[in-house]
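Undergrad:
Protein chains: 2
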Amino acid sequence: MTELLEGICTTRAIRRYRPEPIPEDDLATMLFAATRAPSGSNRQPFRFVVLRDGPVAREAKAVMAEGFQRIWSAKREADGYDSGSGADASSPKARMARTMERFVERFADTPVVVLACLRRYRDPDPVEGASVYPACQNLLLAARALGYGGVMTTWHRAVEDQLRPLLGIPEDVLMAATIPLGRPEGNHGPVRRRPLREFVYEDRWEGPAAWAVDPDGARFTSAGPPRTG
Amino acid sequence: MTELLEGICTTRAIRRYRPEPIPEDDLATMLFAATRAPSGSNRQPFRFVVLRDGPVAREAKAVMAEGFQRIWSAKREADGYDSGSGADASSPKARMARTMERFVERFADTPVVVLACLRRYRDPDPVEGASVYPACQNLLLAARALGYGGVMTTWHRAVEDQLRPLLGIPEDVLMAATIPLGRPEGNHGPVRRRPLREFVYEDRWEGPAAWAVDPDGARFTSAGPPRTG
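In order, the protein sequence lines correspond to chains A and B. If you read the first sequence in our numbering, its first letter stands for residue 2, the second for the next number, and so on. If you read the second sequence in our numbering, its first letter stands for residue 2, the second for the next number, and so on.
1. Cα-Cα, which of Ala211(B), Val214(B), Leu197(B) is closest to Thr222(B)?
2. Mind checking who Phe47(A) pairs with in its DSSP beta bridge?
3. Is any beta-carbon of chain B found at less than 7 Å from that of Asp83(A)?
4. Taking Glu4(B) as the reference, give the member of Arg107(B), Ile72(B), Ala143(B) with the closest Cα.
5. Chain A beta carbons: is any one of them nearer than 7 Å to that of Asp204(B)?
6. Would you tell me roughly how many angstroms separate the C-alpha atoms of Thr229(A) and Tyr122(B), rounded to the nearest one?
7. Helix, strand or coil for Gly151(B), going by three-state DSSP, please let me know.
8. Runs of 4 residues minimum, wholly inside the stretch 52–108 of chain B: which ones carry the alpha helix (DSSP H) assignment?
9. Got a sec? Which residues, its chain only, sit under 7 Å from Ala109(A) by beta carbon, not counting five neighbours each side?
10. Along the stretch 86–112 of chain A, where does the CB come closer than 8 Å to a CB of chain C? Name the residues.
11. Considering only the beta carbon of each residue, do Val115(A) and Tyr202(B) sit closer than 7 Å?
12. Could you give the DSSP three-state label for Glu7(A): helix, strand or coil?
13. Hey, is Glu4(A)'s beta-carbon within less than 7 Å of any beta-carbon in chain B?
14. Do you know whose CA, among Pro135(B), Arg103(B), Glu102(B), lies nearest Cys118(B)'s CA?
15. Would you mind reading off the limits of the beta strand (DSSP E) that contains Leu167(A)?
16. Quick one: list the residues of chain A neighbouring Leu168(B), beta-carbon separation under 7 Å, in chain order.
17. On the DSSP letters alone, give me the boundaries of the beta strand (DSSP E) that Met176(B) sits inside.
18. What separation, rounded to the nearest whole angstrom, lies between the Cα atoms of Ile23(A) and Val113(A)?
19. For Arg158(B) and Val128(A), I'd like the C-alpha separation in whole angstroms.
20. Quick one: Cα of Pro227(A) to Cα of Ile9(B), how far?
21. If you draw a straight line from the alpha carbon of Thr155(A) to that of Ala177(A), how long is it in whole angstroms?
22. DSSP three-state label for Phe200(B), please.
23. Give the single residue among Asn43(A), Leu52(A), Arg103(A) whose Cα lies nearest to the Cα of Arg17(A).
Written as structure tokens, this is what we have:
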């Protein structure tokens, strides 16, 4: 299944959407694919609140947009997006800043926003995300398969206190991710990451894995936040 | 990309492996695909410790096997795998019990075990899994693309106190998931889940989404742990 592999390696974070809505059939197909993901003991505790054009959905998207703008402004400053190479408008950093600016400015108009949730069945736990984020990744991959694109963010947490009562989300439910979806203005394509050897160890932590080499043509991260690895 | 969609919907949890090793090229391809996953601010904090045939790897797999056997025994009892429909050897519950029994008994001989980790760059957080579990899902899908199979478990936590010093994993690293991989003895194929309408809401928590209907031929969960939804 070479197309499966290719699809995985070419699913980019898409933050610019054309204004057209997503047909309900396609939405159902994407969410069906999302829910094929694994979860602990196959308990299937993932839930998806889909926000489109209803009055509550519009209000929720506006609340998120306001929170996202606030976070982005702080991050732009803190991560120095306008200094260093960011001062050059043609740099990757400056391009990313323009994309983010547009993303948060127009967020309320995103065709579809999916709020992925985890219905907890035990106390909060560092590995509980194993039962919701695989489904989020399936959703992003399925979107790409159908010609859409999206991005996963947790920035809704800045406005969680407003969103929870507005959407009626119970206290024991984790609001795990916000995933805007739409037809991309840009394109999917090979994603950039650090060299594979930085991620893959053998036998023990930081044990070298000589075989962990990137394929020909792999693209590497050239700019971004400070490296932590 | 229909094959991408089909691959997502037919990636089963594979717990029975043929004894053959996985060529290093294939391992590299799978891990490359894993690391194409998104992470918060594209910080790429996921790390993969690959356990194959080295002496430390063998010991770690044996330690995990012992922990898994303990967890499975307790779960078999607690979830009543041998009572109710489980008393009928041909029931899905009894079949699952046999698969699990074999999985834990032979775990130490699994060709490859990948321990997926998260190198934390801030305090533990309920949404930190967003930066490691998408990569785990990519790994499982890429395995399926190349004719392998695996399953994601967090059962390593029963023996984390032994594994951490053995593998030299720093205290600030989350041991997020254990993913055994190998050539499947069984087959991939459509997975079973609850009806889509139980997962998908519109506009608000539990808001009905009339369009969220399963495609023709969808298969449904017929047995398993108590429903929490």
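For every residue, glycine included, the Cβ atom is placed at its ideal position computed from N, Cα and C. Predicted model, so just to flag it, every value in this text is computed and none were measured.
TA: Let me lay it out:
1. Leu197(B)
2. Leu119(A)
3. no
4. Ala143(B)
5. yes
6. Note that Thr229(A) has pLDDT 38, beneath the 50 cutoff, so the model's placement of it is unreliable and no number is given.
7. strand
8. 56–79, 93–106
9. Lys62, Ala63, Ala66
10. Here chain C cannot be found, since the structure's protein chains are A and B.
11. no
12. helix
13. yes
14. Pro135(B)
15. It is not in any beta strand (DSSP E) - Leu167(A) instead sits in the alpha helix (DSSP H) that spans 161–168.
16. Arg205, Trp206
17. 174–183
18. 7 Å
19. 10 Å
20. Any reading at Pro227(A) is ruled out, since the residue's pLDDT is 41, under 50, leaving its predicted position unreliable.
21. 7 Å
22. coil
23. Arg103(A)
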